Structures are given as C-alpha cells and as structure tokens.
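Have a look at the structure below before the remarks.
Chains as they are written, first to last, in my numbering: chain A, 1 to 86; chain B, 101 to 186.
Printed below as a string of structure tokens:
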C-alpha cells in the first residue's frame with residue numbers, strides 16, 4: 001500500500017494542476033482548446049492548472065476526456081507530483 | 101488509449117460510489133468509520149456511495165486516505181465499474 005506524505009491542500013491542488021498542464025502540453029493543446037472540450041472557460045482551466053480550484057469529480061471526468069486519457073492516469077501523475085511513495 | 105462509453109453523469113457518480121463501497125466493505129469498515137476518518141458525516145458517505153454527490157477533488161483525496169489506498173486506485177475501479185474499454 002502506498003502512503004501519502006503529510007502536506008497541505010494547496011500542495012495536492014498544485015499537484016493536480018501540474019499533472020493536467022503536463023498532459024495538455026504533451027498533447028500540444030491550448031488551455032482554450034481543453035476548456036472548449038470540457039465545457040469550461042479558459043480562465044477556469046488556467047486556475048485549475050495553477051492549483052487554485054478544487055474541482056468536482058464530474059469536472060475532473062470532463063477534463064480527463066478533454067485530455068484524451070482516463071482520470072486514473074491523471075491521478076497517478078498527480079500522486080507522483082504530490083510525492084506519494086510506494 | 102482507453103475510451104469512455106457514452107453515459108450520463110448519474111452513471112459516473114454511481115460507478116464512483118460503487119467503487120468506494122466495494123473498497124470499504126473489503127476493509128470491513130462502516131460508513132461511520134470512513135466518515136470519521138475523512139471528516140465527513142456518515143449520511144454524506146451514504147450519499148456518495150449511492151451516487152448522489154458530486155464530491156470535490158480534495159474530498160476524494162480524504163476519502164481515498166480513509167480507505168487506505170491511492171485515489172488512482174479508486175479511479176481505476178470507478179472506470180472499471182463505469183465500463184471503460186481498453
């Protein structure tokens with residue numbers, strides 16, 4: 001079982017934002033394109049990538065779809081950013 | 101790449117709830133115990149398991165911690181419930 005290191009909410013949101021940004025940049029998509037596909041305003045995508053929004057599960061699902069990957073993959077990357085350990 | 105089948109929000113929330121319930125039952129925990137660990141009311145945990153709540157990312161993180169597993173694992177199980185395909 002993996003255990004998460006102690007950290008604040010801000011760090012978890014930042015890790016999620018970083019994972020999303022990395023995925024988007026890998027796909028050579030703009031925040032506007034991701035926003036359009038996920039039915040979110042571009043500035044909202046910016047905020048998420050900057051760790052400023054605590055998004056809901058359904059929004060996460062739409063974002064994962066816009067980023068052409070399962071949500072579990074984004075979570076794996078988020079946990080990696082966030083310093084989970086095996 | 102895996103592609104998600106067309107489905108409603110309700111089905112995605114139901115899949116999340118089912119994944120959480122399975123994990124909790126596997127651990128022989130009550131909804132009250134999970135709620136206490138995640139700082140949520142027992143009835144809120146009930147609602148989540150019944151697919152009636154669109155929880156936030158930070159709440160999902162707390163629930164995963166209460167269920168002693170990384171959030172990515174819960175998402176993998178959610179996607180399996182929700183009928184993702186390889």
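Virtual Cβ for every residue (Gly too), placed ideally from N, Cα, C.
Remember, predicted model here, so these are calculated numbers, not experimental data.
Measuring alpha carbon to alpha carbon, tell me which of the options ends up nearest residue i.
i: residue 59 (chain A); options: B:153, B:180 and B:141; result: B:153
i: residue 46 (chain A); options: A:75, A:82, A:71 and A:22; result: A:22
i: residue 155 (chain B); options: B:172, B:140 and B:169; result: B:140
i: residue 64 (chain A); options: A:20, A:50, A:13 and A:26; result: A:20
i: residue 14 (chain A); options: A:49, A:26 and A:43; result: A:49
i: residue 11 (chain A); options: B:176, B:175, B:130 and B:157; result: B:157
Mind pulling the chain B residues with CB within less than 7 angstroms of residue i?
i: residue 12 (chain A); result: 158 and 161
i: residue 75 (chain A); result: 171, 172 and 175
i: residue 29 (chain A); result: Near residue 29 (chain A) there are no residues of chain B at all, since even the closest Cβ is about 15 angstroms away, more than 7 angstroms.
Buried or exposed: residue i, going by 16 or more other Cβ atoms within 10 Å of its Cβ?
i: residue 178 (chain B); result: buried
i: residue 182 (chain B); result: buried
i: residue 9 (chain A); result: exposed
i: residue 128 (chain B); result: exposed
i: residue 32 (chain A); result: exposed
i: residue 162 (chain B); result: buried
i: residue 117 (chain B); result: buried
i: residue 173 (chain B); result: buried
Give the interface partners of residue i over in chain B, defined as CB-CB distance under 8 angstroms, in chain order.
i: residue 79 (chain A); result: 170, 171 and 172
i: residue 39 (chain A); result: Here the premise fails: no neighbours, minimum Cβ distance about 12 angstroms.
i: residue 16 (chain A); result: 157
Mind listing the chain A neighbours of residue i? Cutoff is C-beta to C-beta under 9 angstroms, in chain order.
i: residue 155 (chain B); result: 56 and 57
Going along the chain, which residues of its own chain have a beta-carbon closer than 6 angstroms to the beta-carbon of residue i, five neighbours each way excluded?
i: residue 134 (chain B); result: 124, 145 and 166
i: residue 38 (chain A); result: 62, 63 and 66
i: residue 151 (chain B); result: 113, 114 and 117
i: residue 30 (chain A); result: none
i: residue 142 (chain B); result: 131, 132 and 135
Can you list, in chain order, the residues of its chain whose CB lies under 8 angstroms from that of residue i, leaving out five sequence neighbours each side?
i: residue 169 (chain B); result: 123
i: residue 101 (chain B); result: With a pLDDT of 47 at residue 101 (chain B), under the threshold of 50, the modelled position of that residue is not reliable, and no figure is offered here.
Give the residues of chain C in contact with residue i, contact being defined as C-beta atoms less than 7 angstroms apart.
i: residue 9 (chain A); result: Protein chains in the displayed structure are A and B, and chain C is not among them.
Tell me which same chain residues have a C-beta within less than 7 angstroms of the C-beta of residue i, skipping the five on either side of it?
i: residue 71 (chain A); result: 60, 61 and 64
i: residue 106 (chain B); result: Any answer about residue 106 (chain B) is weak, because its pLDDT of 49 lies below 50 and its placement is not dependable; what the coordinates show is given next. Contacts found: none.
Any heavy atom of the ligand NAP within a distance shorter than 7 angstroms of the CB on residue i?
i: residue 82 (chain A); result: In the structure on display, the ligand NAP does not appear, and there are no ligands present to speak of.
**Report entry** beta strand (DSSP E) runs contained entirely in the stretch 105 to 181 of chain B, provided each spans 3 or more residues
**Finding:** none
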